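Right, one structure below, let's go through it.
Protein chains: 4
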Amino acid sequence: MMSESDRADQMGDATREKLRQFIARIERLDAEKAELTTDIREVYSEVKSFGFDTKVLRKIISLRKQDVNERAEQEALLDLYMDALED
Amino acid sequence: MMSESDRADQMGDATREKLRQFIARIERLDAEKAELTTDIREVYSEVKSFGFDTKVLRKIISLRKQDVNERAEQEALLDLYMDALED
Amino acid sequence: MMSESDRADQMGDATREKLRQFIARIERLDAEKAELTTDIREVYSEVKSFGFDTKVLRKIISLRKQDVNERAEQEALLDLYMDALED
Amino acid sequence: MMSESDRADQMGDATREKLRQFIARIERLDAEKAELTTDIREVYSEVKSFGFDTKVLRKIISLRKQDVNERAEQEALLDLYMDALED
DNA sequence: GTTTACCAATACACGC
DNA sequence: GCGTGTATTGGTAAAC
Numbered sequence: 001m002m003s004e005s006d007r008a009d010q011m012g013d014a015t016r017e018k019l020r021q022f023i024a025r026i027e028r029l030d031a032e033k034a035e036l037t038t039d040i041r042e043v044y045s046e047v048k049s050f051g052f053d054t055k056v057l058r059k060i061i062s063l064r065k066q067d068v069n070e071r072a073e074q075e076a077l078l079d080l081y082m083d084a085l086e087d
Numbered sequence: 088m089m090s091e092s093d094r095a096d097q098m099g100d101a102t103r104e105k106l107r108q109f110i111a112r113i114e115r116l117d118a119e120k121a122e123l124t125t126d127i128r129e130v131y132s133e134v135k136s137f138g139f140d141t142k143v144l145r146k147i148i149s150l151r152k153q154d155v156n157e158r159a160e161q162e163a164l165l166d167l168y169m170d171a172l173e174d
Numbered sequence: 175m176m177s178e179s180d181r182a183d184q185m186g187d188a189t190r191e192k193l194r195q196f197i198a199r200i201e202r203l204d205a206e207k208a209e210l211t212t213d214i215r216e217v218y219s220e221v222k223s224f225g226f227d228t229k230v231l232r233k234i235i236s237l238r239k240q241d242v243n244e245r246a247e248q249e250a251l252l253d254l255y256m257d258a259l260e261d
Numbered sequence: 262m263m264s265e266s267d268r269a270d271q272m273g274d275a276t277r278e279k280l281r282q283f284i285a286r287i288e289r290l291d292a293e294k295a296e297l298t299t300d301i302r303e304v305y306s307e308v309k310s311f312g313f314d315t316k317v318l319r320k321i322i323s324l325r326k327q328d329v330n331e332r333a334e335q336e337a338l339l340d341l342y343m344d345a346l347e348d
């Protein structure tokens with residue numbers, strides 16, 4: 001039979017504990033993320049009940065997000081130009 | 088020139104306001120979700136710095152999630168049986 | 175020893191041949207794709223030799239592509255509106 | 262109003278033209294690459310229609326590619342030896 | 001070797 | 001409820 005100490009040969013107790021902590025942190029964050037996904041789904045349900053077309057609304061929100069990203073990238077490009085001009 | 092009332096012909100002010108609120112709520116939740124995504128990525132960075140293999144860790148968490156799902160299904164099945172027995 | 179006919183028990187000769195053809199076609203296309211990847215890398219090398227900042231150029235090309243996609247999505251949203259108004 | 266010559270202060274016409282050419286070449290190659298991606302996807306669709314498991318086929322092709330890479334390494338090693346023998 | 005970008009695979013939402 | 005189409009996620013490859 002394999003004892004606790006044998007297992008420890010492969011990975012120190014401190015390391016094992018650290019691994020457990022990492023897993024716990026990630027799973028906690030994943031759970032919070034899943035909750036938000038549920039919340040969002042519920043809002044879309046409300047939207048539908050209210051009579052709005054969810055597909056259209058999803059597209060609108062998607063486009064608004066793209067616009068924000070686009071602006072951020074334009075900024076990034078500007079920064080790149082600035083950096084390039086410093087040489 | 089197009090007046091405010093012309094716009095209102097297409098969609099009532101109250102409806103427009105409601106739509107804005109829905110968009111605001113969803114975008115707020117999306118933003119929180121994005122933050123969590125960032126947080127998770129940062130934890131994985133720590134994991135890597137610590138010397139763990141992130142690919143393996145991702146696999147572990149994925150497997151544990153599957154187990155959780157299976158357990159949830161078992162629970163659901165149990166509830167079904169319990170309900171059936173109450174009839 | 176396993177004969178040819180034994181193998182054929184598992185997959186008909188015609189089917190085996192068909193499989194080989196699919197693999198050949200895909201690998202041919204993959205090879206062409208890899209060549210293009212090489213070609214593109216070479217152009218970026220030229221770009222660098224010429225004195226342009228490749229990072230900037232990559233960003234520019236990325237933004238141009240996004241603009242095209244963005245326009246396509248705007249069209250899609252318009253189509254959604256049209257569909258919604260038909261009701 | 263800003264004249265053509267003002268623009269030229271920042272980047273010579275020849276340089277601008279060169280830049281346009283680089284962008285055109287890269288975008289042309291990108292487009293061809295995208296076509297091949299589409300072609301490959303279509304072949305996989307055929308594969309599926311034919312009754313093969315695409316996931317398995319992808320794995321097969323991936324393994325064959327690895328073998329090719331290994332063979333390429335062998336070739337490179339051989340070249341190294343050949344060069345060494347010429348000295 | 002780190003990070004980013006792409007691509008396939010899965011999960012989810014909607015309409016029939 | 002099923003099948004389609006879309007959004008997210010996970011894995012892979014390339015760039016710096």
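Sequence order for the protein chains is A, B, C and D. Each residue of the first sequence is one higher than the one before, starting from 1 at the first, in the working numbering. Each residue of the second sequence is one higher than the one before, starting from 88 at the first, in the working numbering. Each residue of the third sequence is one higher than the one before, starting from 175 at the first, in the working numbering. Each residue of the fourth sequence is one higher than the one before, starting from 262 at the first, in the working numbering. Glycine is no exception: its CB is placed at the ideal position from the N, C-alpha and C atoms. Because the structure is a prediction, the values reported are computed rather than measured.
- Shown here, D204 of chain C sits in a helix according to DSSP, grouped into three states.
- When A:D13, A:D30, A:E17, A:D79 are compared, the shortest CA-CA separation from V155 of chain B is found for A:D30.
- With a threshold of 9 Å between beta carbons, R64 of chain A makes contact with chain B.
- Within the region 33 to 62 of chain A, the residues whose Cβ lies closer than 8 Å to some Cβ of chain B are K33, L36, T37, D39, I40, V43, Y44, E46, V47, F50, F52, L57, I60, I61, listed in chain order.
- Where D79 of chain A is concerned, the enclosing alpha helix (DSSP H) starts and stops at 54 to 85.
- If the five residues before and after T212 of chain C are omitted, its C-beta is found closer than 8 Å to no C-beta atom of its own chain.
- Inclusion of F109 of chain B and V43 of chain A in the CB contact set at 9 Å is warranted, their separation being smaller than that value.
- When C:E201, C:R202, C:L210 are compared, the shortest CA-CA separation from R286 of chain D is found for C:L210.
- Here K320 of chain D is not near K207 of chain C, since their CB atoms are 9 Å or more apart.
- Distance from Q66 of chain A to E244 of chain C at the Cβ level is roughly 6 Å; contact confirmed, criterion being Cβ atoms closer than 8 Å.
- Taking 9 Å as the CB threshold, R281 of chain D stays off the interface with chain C.
- Remark: C-beta atoms of E17 of chain A and R151 of chain B do not approach each other more closely than 9 Å.
- With a cutoff of 9 Å on beta-carbon distance, D227 of chain C and L19 of chain A are scored as not near each other.
- For the pair A163 of chain B and T189 of chain C, the Cα-to-Cα distance works out to about 44 Å.
- At a cut-off of 9 Å, the C-beta of L251 of chain C has no neighbouring C-beta in chain D.
- Non-local C-beta neighbours of D187 of chain C in its own chain, meaning closer than 7 Å and more than five positions away in sequence, are absent.
- Distance between A171 of chain B and S323 of chain D, taken at the CA atoms: about 50 Å.
- Inter-residue distance for M185 of chain C and E307 of chain D is about 18 Å (C-alpha atoms, whole angstroms).
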